[in-house]
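Numbering (the numbering used here), first residue to last: 19 to 495.
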Ligand code: SF4
């Protein structure tokens, strides 16, 4: 990266707008824009200020060897198990409920003798924490031990947009403190605790690498997964599938208003039970798939049990397409498990090389990833080859690029629920296109994942799960 790209990267990584950075440096925001587009170059004095502000050495801006942690993370050395992607948990948000719950459990276990806990939420966790139920889940996790929660809306110097500090007290004295990042899909990172991150089990980090390995060893993608995960992944994925089906069933049998105060009606049952006297097969397919996606998403919005696929907010897409195809074509549960594996591998590639967090890269990272996973699953079920599966998932994510995360009132309801249904239909469309057009494709999955990450980092923070932009803002006008 040159100095322009490094300034852009550091600014977006730290969730600073051009305006905000300009104010911090006491310059005009046009100057920041010119630096980032390479039209002009900061003065020596301003380079010093930038280095100090972002905590990097001055050489960072000029020395290719000092390239950022962004580049390092792009050179990931492996990928984690699919068990780290698919998790059974309570909605409505993997990064706002499951991640903080995991963080509090970890800290509670570490500080069994504490008599009081304080949690400080920053960034997106603070801005949409109440709508997403973060406060509720924290209180519940600490149980009988008193706790308080502080919402810090102003701190901008954060390692991740979903950051939280947890402090433990005993007899009014602080005895422990940690900083935790909820990085998406219910996973967390703890500052200074590298060894809590599960080990990588896959040796490849790109689709190209996976594909070449499969070709060299004459393996299908599913056989590749079994080789690295072991046979026990079958049982795990079967449990995931059963949980997904239970979420659909509960959602289709529930009525009423979703919690949170928006007065959103549950619609899955209504959609499912509608009949047109002359309903076409296309209309019926749309209605059925959407009703399944609504069913799971409404369960998620109620804080009920769902599977992260890859997140809570996007949990309706994958079950909807799989359930519909199982009923329509009679695929066995074993077939579905195989498809879950293949789609999960696509989700893993996105998680490793970009993000599955709406707070980090917008809704393209959640719904876009879910759609890419679902279309790869359909490719596997329909017997498409590895190139076609790659193309199906590439199409699916490509046409979600730039999708913002703007949940009204921080609730995972509008636009989230409908968005799951639309993405489920889009997955069916993507696999259909890939079936016919794979010979003509120009863009690889790896490239579109990289594009998704760059687009996500360039999005203004208002559109990354802060409820300060888009529909969430217009709603308040
Ligand atoms: S808009 Fe998308 S990313 Fe944001 S909370 Fe809703 S589903 Fe998740």
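Quick reminder that beta carbons are idealized off the backbone N, C-alpha and C, glycines included. In this text the structure is predicted, and so the values were computed from the model without any measurement.
{"query": "Could you tell me the distance, in whole angstroms, from the CA atom of residue 62 to the CA atom of residue 171?", "result": "32 Å"}
{"query": "Is it true that the CB of residue 134 sits closer than 8 Å to the CB of residue 184?", "result": "no"}
{"query": "Just to check, is the beta-carbon of residue 430 closer than 7 Å to a non-hydrogen atom of the ligand SF4?", "result": "yes"}
{"query": "Quick one: which unbroken alpha helix (DSSP H) runs of 4-plus residues sit fully inside the stretch 386-459? Chain order, please.", "result": "404-416, 434-455"}
{"query": "Does the ligand SF4 have even one heavy atom less than 7 Å from the beta-carbon of residue 308?", "result": "no"}
{"query": "Closer than 6 Å by C-beta to residue 106: which residues in its own chain qualify, once you throw out the five before and the five after it? Chain order, please.", "result": "261, 325"}
{"query": "What is the rounded straight-line gap between the Cα of residue 55 and the Cα of residue 36?", "result": "12 Å"}
{"query": "Relative to the alpha-carbon of residue 404, which residue among 376, 430, 364 has its alpha-carbon at the smallest distance?", "result": "364"}
{"query": "Give me the residue from 429, 317, 488 with the minimum Cα distance to residue 152.", "result": "429"}
{"query": "I'd like the span of the alpha helix (DSSP H) that includes residue 246, first residue to last.", "result": "239-247"}
{"query": "Kindly identify the DSSP beta-bridge partner or partners of residue 165.", "result": "135"}
{"query": "Using a Cβ-Cβ cutoff of less than 7 Å, which residues in the same chain neighbour residue 380 once the five nearest sequence positions on both sides are dropped?", "result": "421, 422, 423, 474, 477, 481, 482"}
{"query": "Sort 38, 22, 50 by Cα distance to residue 479 and report the nearest one.", "result": "38"}
{"query": "What are the start and end residues of the alpha helix (DSSP H) that includes residue 107?", "result": "Here residue 107 belongs to no alpha helix (DSSP H); instead the beta strand (DSSP E) covers 106-108."}
{"query": "Alpha carbon to alpha carbon, what distance is there between residue 118 and residue 155?", "result": "8 Å"}
{"query": "Cα separation between residue 33 and residue 224?", "result": "27 Å"}
{"query": "Are the CB atoms of residue 309 and residue 289 nearer to each other than 8 Å?", "result": "yes"}
{"query": "Could you name the residues of the same chain whose beta carbon sits closer than 7 Å to that of residue 356, not counting the 5 residues immediately before and after it, in chain order?", "result": "240, 398"}
{"query": "Could you tell me whether any non-hydrogen atom of the ligand SF4 is closer than 7 Å to the CB of residue 386?", "result": "no"}
{"query": "Return the first residue and the last residue of the alpha helix (DSSP H) that residue 191 is part of.", "result": "No alpha helix (DSSP H) contains residue 191, which is instead part of the beta strand (DSSP E) from 191-202."}
{"query": "Please report how far the alpha carbon of residue 459 lies from the alpha carbon of residue 102, in whole angstroms.", "result": "31 Å"}
{"query": "Going by the beta-carbon positions, is the gap between residue 219 and residue 99 smaller than 8 Å?", "result": "yes"}
{"query": "Apart from the five residues on each side of it in sequence, which residues of its chain come closer than 7 Å, Cβ to Cβ, to residue 30?", "result": "475, 476"}
{"query": "Closer than 8 Å is the cut-off here; do at least three beta carbon pairs connect the stretch 177-192 with the stretch 297-311?", "result": "no"}
{"query": "For residue 366, is the classification buried or exposed, using 16 other Cβ atoms within 10 angstroms of its Cβ as the cut-off for buried?", "result": "buried"}
{"query": "Hey, would you say residue 163 sits closer than 8 Å to residue 132, going by beta carbons?", "result": "yes"}
{"query": "Could you check whether residue 329 and residue 416 sit closer than 8 Å to each other, using their CB atoms as the reference points?", "result": "no"}
{"query": "Using 8 Å for Cβ pairs, my map puts residue 360 next to residue 442. What's the rounded Cβ distance?", "result": "Actually they are not in contact, since the Cβ atoms of residue 360 and residue 442 sit about 17 Å apart, beyond 8 Å."}
{"query": "Evaluate residue 149 with the Cβ neighbour count: other Cβ atoms within 10 Å of its Cβ, from every protein chain shown; 16 or more gives buried, anything less gives exposed.", "result": "buried"}
{"query": "Give a yes or no on whether the C-beta atoms belonging to residue 193 and residue 209 are separated by under 8 Å.", "result": "no"}
{"query": "According to the neighbour-count rule (16 or more other Cβ atoms, all chains shown, within 10 Å of its Cβ), is residue 406 buried or exposed?", "result": "buried"}
{"query": "Grab me the residues of residue 165's own chain with a C-beta within less than 8 Å of its C-beta, minus the 5 sequence neighbours each way, in chain order.", "result": "134, 135, 136, 137, 156, 157"}
{"query": "Assuming residue 110 contacts residue 274 (C-beta within less than 8 Å), just tell me the rounded distance between them.", "result": "About 16 Å; that fails the 8 Å criterion."}
{"query": "From the DSSP output, which residues share a beta bridge with residue 325?", "result": "106"}
{"query": "Run through the DSSP bridge pairs and tell me what residue 207 is partnered with.", "result": "199"}
{"query": "Closest to residue 451 by CA distance: which of 485, 464, 490, 408 is it?", "result": "408"}
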